[in-house]
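Peer 1: Structure in structure tokens, see below.
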Amino acid sequence: MPSQLPLDMLINLAKESTDEAARLLGRLNAERGNAERQLGMLHDYRQDYLTRLQQAMVSGMSASDCHNYQRFIGTLDDAIGQQQAVLRQADENLAKGRQHWQQEKRKLNSYDALAQREVRARAVAESRREQRANDEYSARLVQRQAGMH
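Take the sequence shown: its position 131, counting from 1, is numbered 131 in the UniProt record's numbering, and each next residue is one higher.
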């Protein structure tokens with residue numbers, strides 16, 4: 001029984017580690033989703049601004065207003081580029097988090113397999129002990145019966 005205690009402790013630690021890795025994976029997934037939504041909002045905002053620029057150009061606008069629109073769209077393009085970098089980093093973090101969770105899950109599965117193997121080995125050993133005891137009992141019973149005749 002003493003060998004079971006360290007294995008139980010390892011299983012519990014692996015469960016905690018797997019749970020923590022799963023929580024981290026959830027946070028990383030949420031961060032990635034937020035980054036993607038922000039990028040989408042920036043794209044939408046840029047498209048709205050381009051539409052406004054086109055409408056203003058059709059109805060007539062000053063060169064300075066046109067320059068201001070174009071400069072602001074350039075600023076939005078910079079922000080979009082930065083947000084794309086944030087999204088790429090979030091994708092990398094998510095992939096690493098997924099790998100970490102899978103590694104922890106494999107470790108937990110390995111410990112569980114060891115525990116199951118140990119349980120099966122103990123059951124086989126117990127079955128053999130019982131069989132031996134039954135065989136010895138039967139042998140003694142046969143000897144007693146043979147001695148009575």
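All C-beta atoms, glycine included, are put in the ideal place defined by N, C-alpha and C.
Buried or exposed: which applies to residue 18, given that a residue is buried once 16 or more other Cβ atoms fall within 10 Å of its Cβ?
Peer 2: Position 18 of the sequence shown, counted from the first residue, corresponds to residue 18. Its Cβ being crowded by 16 or more others within 10 Å, residue 18 is buried.
Peer 1: State the DSSP-derived secondary structure class of residue 41, mapped to helix, strand or coil.
Peer 2: Start at 1 with the first residue of the sequence shown, and residue 41 comes out as number 41. Residue 41 falls in the helix class under three-state DSSP.
Peer 1: What would DSSP say about residue 62, mapped onto helix, strand or coil?
Peer 2: Position 62 of the sequence shown, counted from the start, is the residue given in the question as residue 62. Correct three-state label for residue 62: coil.
Peer 1: Using a 10 Å radius around the Cβ and a threshold of 16 neighbouring Cβ atoms, would you call residue 94 buried or exposed?
Peer 2: Here residue 94 refers to the residue found at position 94 of the sequence shown. Buried, by the Cβ-count rule.
Peer 1: If you count every other CB in all the chains shown that lies within 10 Å of the CB of residue 74, and 16 or more means buried, which is it?
Peer 2: Looking up residue 74 in the sequence shown gives position 74. So residue 74 counts as exposed.
Peer 1: Considering only residues of the same chain and omitting the five flanking positions on each side of residue 46, which have a CB-CB separation below 6 Å?
Peer 2: Reading the sequence shown from its first residue, position 46 is the one you call residue 46. Here the set comprises 76.
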